[in-house]
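Quick note: my numbering has the sequence shown finishing at residue 755, numbered continuously throughout.
Note that CB positions come from ideal geometry on N, CA and C, so glycine has one too.
Written out below as structure tokens is the structure these notes cover.
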Amino acid sequence: MKRSAKAVWKGTVKDGSGVLTTQSTTLNETQYSFKSRFEEGVGTNPEELLAAAHAGCFTMKTSALLTEAGYTPESLETDCKISLVEGKITLSELTLTAKIPGISEDDFQKIAQDAKENCPVSQAFSFEKSLTATLES
619 MKRSAKAVWK
629 GTVKDGSGVL
639 TTQSTTLNET
649 QYSFKSRFEE
659 GVGTNPEELL
669 AAAHAGCFTM
679 KTSALLTEAG
689 YTPESLETDC
699 KISLVEGKIT
709 LSELTLTAKI
719 PGISEDDFQK
729 IAQDAKENCP
739 VSQAFSFEKS
749 LTATLES
């Protein structure tokens with residue numbers, strides 16, 4: 619399976635701008651720029667897209683592992699923050715809040731850690747990954 623996206627950029631890095639379009643057209647000529655990446659401009663940026671990819675992949679992997687272990691998650695909510703420091707992505711911080719009937723704290727933590735280490739996006743990232751997982755009753 620292959621998925622694709624296309625970027626088009628016009629102008630200099632600081633004064634120019636670009637658009638991103640994904641194969642599914644979920645992003646369809648979505649704007650991005652120096653301001654949306656490094657300041658508070660309108661549009662998306664690569665780090666935000668990496669955060670969405672990691673949150674989505676990790677959450678799906680967690681659901682799959684829970685299902686394999688015989689649990690049915692009521693809800694899984696993951697927040698992801700990507701850190702860009704001095705021009706280098708250094709960290710992806712996952713924060714999971716979950717409602718899973720009948721699971722022990724120990725089993726929940728083991729499954730969440732497994733998902734963090736083994737979801738395809740985590741495996742693609744060479745930078746540090748962290749996880750805070752909270753089980754709600």
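Nearest candidate by alpha-carbon position, reference residue i, set the options
| i | options | result |
| --- | --- | --- |
| glutamine 641 | Gly688, Pro664, Arg655, Lys624 | Lys624 |
| glycine 705 | Gln741, Val739, Pro664, Ala669 | Pro664 |
| threonine 750 | Ala742, Pro738, Gln731 | Gln731 |
| arginine 655 | His672, Phe676, Ser635 | Ser635 |
C-alpha distance - residue i paired with residue j, whole-angstrom precision
| i | j | result |
| --- | --- | --- |
| glutamine 649 | leucine 684 | 37 Å |
| leucine 638 | threonine 708 | 23 Å |
Where residue i falls: helix, strand or coil (DSSP)
| i | result |
| --- | --- |
| leucine 684 | helix |
| cysteine 737 | coil |
| threonine 643 | coil |
| threonine 715 | strand |
Contact set for residue i: own chain, Cβ-Cβ below 8 Å, skip 5 residues either direction
| i | result |
| --- | --- |
| proline 719 | Tyr689, Thr690, Glu692 |
| tryptophan 627 | Gly634, Ser635, Gly636 |
| threonine 662 | Leu638, Leu645, Thr648, Gln649, Tyr650, Ser654 |
Close Cβ partners of residue i (< 7 Å) along its chain, the five nearest in sequence each way excluded
| i | result |
| --- | --- |
| phenylalanine 652 | Val631, Lys632 |
| isoleucine 729 | Thr680, Leu683, Leu684, Ala687 |
| threonine 583 | With the chain represented from 619 up to 755, any question about residue 583 goes unanswered, as that position is not in the structure. |
Residues near residue i by beta carbon distance below 6 Å, same chain, minus five either side
| i | result |
| --- | --- |
| serine 701 | Thr708, Leu709 |
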